[in-house]
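Heads up: the structure comes next, in structure tokens.
In full-length UniProt numbering, the protein residues as written are 1 to 207.
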């Protein structure tokens, strides 16, 4: 981590009785969030991304979310849902840097072929679409990654590829990350710190 100044600061974040969440996430740091199904992990990520009404405050590099236009905040603080949506026919239609060196490098890092970019999304597997959705997220060069079970449909080799790519991205760009995962082994591998939600939506620190 390049600095102790928070990249993302959350103060009293709450939504629908979930929280409050207080956290300061440094550049390059990954915070893992766990808890039982239905505890509110996804809702907290959506609150950070300012996709749903919520209480509390979110700050990026000490600038409150309110000073950003909504699209600018959501580009900088980018949310990857567990089931990403697609609005065009092929992956290439969603990737600005598909033909740039960085785009090729990320495709290779996730064991994806460039020919896949021009195949209809309906012909790709759920695991391929999941990896491509991560590339789409990184394509916008966000400063904060909000990842909701980004490896849920992947085998062990591709889980390792995703974990390595996210770690490299955060290290190279001093990006912060909030990673929701049900897998305790994964949380230990990817996170510098961990928080958990209990069945009542309360936030606790965990080892």
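Using N, Cα and C, we set each Cβ at its ideal position, and we do this for glycine too.
query: Grouping DSSP H, G and I as helix and E and B as strand, with all else coil, what is residue 128?
result: helix
- request: Kindly give me the distance between the Cβ atoms of residue 88 and residue 94, rounded to whole angstroms, as I take these residues to be in contact under 8 Å.
  value: 6 Å
task: Over the uninterrupted alpha helix (DSSP H) stretch that includes residue 165, give me the two end residues.
output: Annotation for residue 165: the continuous alpha helix (DSSP H) segment containing it runs 156-173.
query: Within 10 angstroms of its Cβ, does residue 203 collect 16 or more other Cβ (buried), or is it exposed?
result: buried
field: Among 205, 115, 201, the one whose alpha carbon lies nearest that of residue 19
entry: 201
- request: Can you tell me the Cβ-Cβ gap for residue 121 and residue 90, rounded? I've got them flagged as a contact below 8 Å.
  value: 6 Å
- prompt: Looking only at DSSP bridge pairs, what is residue 15 linked to?
  reply: For residue 15, which the question treats as bridged, DSSP gives the partners 18.
Counterpart residues of residue 34 in DSSP-defined beta bridges: 196
query: Which partner residues does residue 57 have in the DSSP bridge list?
result: Residue pairing of residue 57 in beta bridges, as defined by DSSP: 11.
message: Closer than 8 Å is the cut-off here; do at least three beta carbon pairs connect the region 105-118 with the region 155-165?
response: Short answer: they touch.
DSSP three-state assignment for residue 118, whether helix, strand or coil: helix
query: Is there contact between the region 41-60 and the region 70-80, where contact requires at least three CB pairs shorter than 8 Å?
result: yes
- prompt: Under the three-state reduction of DSSP, which class applies to residue 5: helix, strand or coil?
  reply: Three-state result, residue 5: coil.
query: From residue 178 to residue 136, what does the alpha carbon distance come to, in whole angstroms?
result: 17 Å
message: Helix, strand or coil, according to DSSP, for residue 205 in the structure here?
response: Reduced to three states, the DSSP call for residue 205 is strand.
field: residue 58 versus residue 196: straight-line alpha-carbon distance, rounded
entry: For the pair residue 58 and residue 196, the Cα-to-Cα distance works out to about 19 Å.
message: Check this for me: beta carbons of residue 154 and residue 144, under 8 Å apart or not?
response: no
task: Measure the alpha-carbon distance for residue 11 versus residue 22 and round it to whole angstroms.
output: Their Cα atoms are separated by approximately 5 Å.
N- and C-terminal bounds of the alpha helix (DSSP H) containing residue 105: 101-109
task: Ignore the nearest five residues each way along the sequence and tell me which others in residue 147's own chain have a CB closer than 6 Å to its CB.
output: 80, 179.
- request: Quick one: residues in its chain with C-beta nearer than 6 Å to the C-beta of residue 132, no 5 flanking neighbours on either side, listed in chain order?
  value: Counting only Cβ-Cβ distances below 6 Å, and skipping sequence neighbours, we find 91.
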